Amino acid sequence: MPGGTPPRTTPPVTATPSSPSSAPPSTPPESPPDVPSPTPSGAELLRRGDTGEAVETVQRRLRELGYWVGPVDGVFGELTEQAVYAVQKAAGGSRDGIVGPETREALDEGIRPSARSDEGRVVEVDLDRQLMMLVDDGTVEQIFSTSTGTWEYYTHDGERFLADTPRGRWEIGWQVDAWDPGPLGRLYRPKYFHSQGIAVHGYPEVPPYPASHGCVRVTIAAMDWLWRADQMPIGTTVWVY
0 MPGGTPPRTT
10 PPVTATPSSP
20 SSAPPSTPPE
30 SPPDVPSPTP
40 SGAELLRRGD
50 TGEAVETVQR
60 RLRELGYWVG
70 PVDGVFGELT
80 EQAVYAVQKA
90 AGGSRDGIVG
100 PETREALDEG
110 IRPSARSDEG
120 RVVEVDLDRQ
130 LMMLVDDGTV
140 EQIFSTSTGT
150 WEYYTHDGER
160 FLADTPRGRW
170 EIGWQVDAWD
180 PGPLGRLYRP
190 KYFHSQGIAV
200 HGYPEVPPYP
210 ASHGCVRVTI
220 AAMDWLWRAD
230 QMPIGTTVWV
240 Y
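FYI, in numbering that gives the first Met the number 0 the residues of the sequence shown are 0 to 240.
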């Protein structure tokens, strides 16, 4: 799914000692010159394209909190941006993908979404916050930013359909370990949980808002990890709410 400007400050001025004199100074002392406000440093605002230790620190914190961030390499790329979206969504803040004061506060406070399930392996999809979570016996293990159905109508082959992601408890029924061509476009390594062809799948674009025809999108890299780590085998419960 903002940065702040530090307050203007003026350094203290230390008086230079002088010889005692009973006579008042002939001219009033000069006022200290105006000092320009400091410019926000790169450590205060981090965004896609940034690199370095500050980025790595944020990545480590995201990983500690369970946000799937990919490699911790000090490079603020797509996966770090997606993880930042996720923590911003969990915190209920802006979804700009930028690490500013608001997002740093959420990271410092350890903001995480809570699970609704309390037993078994469940993939939870929170439509309001656009989050997907891997939950094991009530413990949230991994958190992903996702993009689900727009809830808008579209026309295909002359018929009108609603782009909805149906709420309810479903189950991974079948999967395709490849790009799967479909009537509305290709889906990357989809894991289908609904008879209408709705799946969790990889996609090149995963904006921090609903944008799909009904499927649950994650990044290509995240989908590769879900397969590699066997996180969503056939039979896994998918709870959409």
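Glycine included, C-beta positions come from ideal geometry on N, C-alpha and C. Bear in mind that the values here come from a model prediction, so they are computed numbers and not experimental data.
I'd like to know whether the C-beta of residue i is nearer than 8 Å to at least one C-beta of chain B.
{"i": "arginine 111", "result": "Considering every chain present, this structure includes no chain B. It has just one protein chain."}
In terms of residues, what are the limits of the beta strand (DSSP E) holding residue i?
{"i": "aspartate 135", "result": "130 to 135"}
{"i": "tryptophan 238", "result": "236 to 239"}
Would the beta-carbon of residue i fall within 8 Å of that of residue j?
{"i": "leucine 126", "j": "proline 112", "result": "no"}
{"i": "valine 121", "j": "tryptophan 238", "result": "yes"}
{"i": "lysine 88", "j": "proline 207", "result": "yes"}
{"i": "lysine 190", "j": "alanine 198", "result": "yes"}
{"i": "glutamate 263", "j": "valine 134", "result": "Residue 263 falls outside the range modelled here, since the chain spans only 0 to 240, and no answer is possible."}
{"i": "alanine 228", "j": "phenylalanine 143", "result": "no"}
{"i": "valine 54", "j": "valine 68", "result": "no"}
{"i": "glutamine 174", "j": "isoleucine 233", "result": "yes"}
{"i": "glutamate 101", "j": "glycine 92", "result": "yes"}
{"i": "alanine 105", "j": "threonine 138", "result": "no"}
{"i": "glutamate 80", "j": "arginine 47", "result": "yes"}
May I have the straight-line CA-CA distance separating residue i from residue j, to the nearest angstrom?
{"i": "aspartate 95", "j": "arginine 103", "result": "13 Å"}
{"i": "proline 37", "j": "leucine 78", "result": "Because the pLDDT at proline 37 is just 34, under 50, the model does not fix this residue reliably, and the point stays unresolved."}
{"i": "glutamate 118", "j": "valine 71", "result": "31 Å"}
{"i": "tyrosine 66", "j": "glycine 76", "result": "15 Å"}
{"i": "arginine 188", "j": "leucine 45", "result": "32 Å"}
{"i": "aspartate 163", "j": "threonine 149", "result": "6 Å"}
{"i": "valine 205", "j": "leucine 61", "result": "19 Å"}
{"i": "aspartate 107", "j": "threonine 154", "result": "45 Å"}
{"i": "cysteine 214", "j": "threonine 147", "result": "6 Å"}
{"i": "leucine 64", "j": "aspartate 156", "result": "45 Å"}
{"i": "methionine 231", "j": "valine 217", "result": "13 Å"}
{"i": "glycine 158", "j": "valine 83", "result": "With the sequence shown as reference, residue 158 is identified as glutamate, and glycine is not the correct amino acid for it. Approximately 38 Å, taken between the alpha carbons."}
{"i": "glutamine 58", "j": "alanine 90", "result": "17 Å"}
{"i": "arginine 7", "j": "glutamate 43", "result": "Residue confidence is low: arginine 7 scores 34 on pLDDT, short of 50, so the model does not pin down where it sits. No coordinate-derived value is stated."}
{"i": "aspartate 49", "j": "proline 203", "result": "21 Å"}
Identify the continuous alpha helix (DSSP H) that holds residue i and give its terminal residues.
{"i": "tyrosine 84", "result": "77 to 90"}
{"i": "valine 74", "result": "Note, valine 74: premise wrong, no alpha helix (DSSP H); not H, not E."}
{"i": "aspartate 100", "result": "For clarity, residue 100 is proline in the given sequence; the question names aspartate instead. Where proline 100 is concerned, the enclosing alpha helix (DSSP H) stretches over 100 to 108."}
{"i": "valine 122", "result": "Per DSSP, valine 122 belongs to no alpha helix (DSSP H); it is in the beta strand (DSSP E), 120 to 125."}
{"i": "threonine 56", "result": "52 to 64"}
If I'm right that residue i touches residue j with Cβ under 8 Å, what's the distance once you round it to whole angstroms?
{"i": "glycine 201", "j": "methionine 222", "result": "3 Å"}
{"i": "glutamate 170", "j": "threonine 235", "result": "7 Å"}
{"i": "leucine 183", "j": "histidine 212", "result": "5 Å"}
Run through the segment 135 to 165 for me and flag every whole beta strand (DSSP E) of 3 or more residues, listed as ranges in chain order.
DSSP runs (the beta strand (DSSP E)) wholly in the segment 135 to 165: 138 to 144, 152 to 155, 158 to 161.
Margin query: As an exercise, report each continuous beta strand (DSSP E) stretch of at least 3 residues that is fully enclosed by the segment 157 to 221, in chain order.
Written below: For the segment 157 to 221, the full-length beta strand (DSSP E) segments reaching 3 residues or more read 158 to 161, 167 to 170, 186 to 193, 197 to 201, 215 to 217 along the chain.
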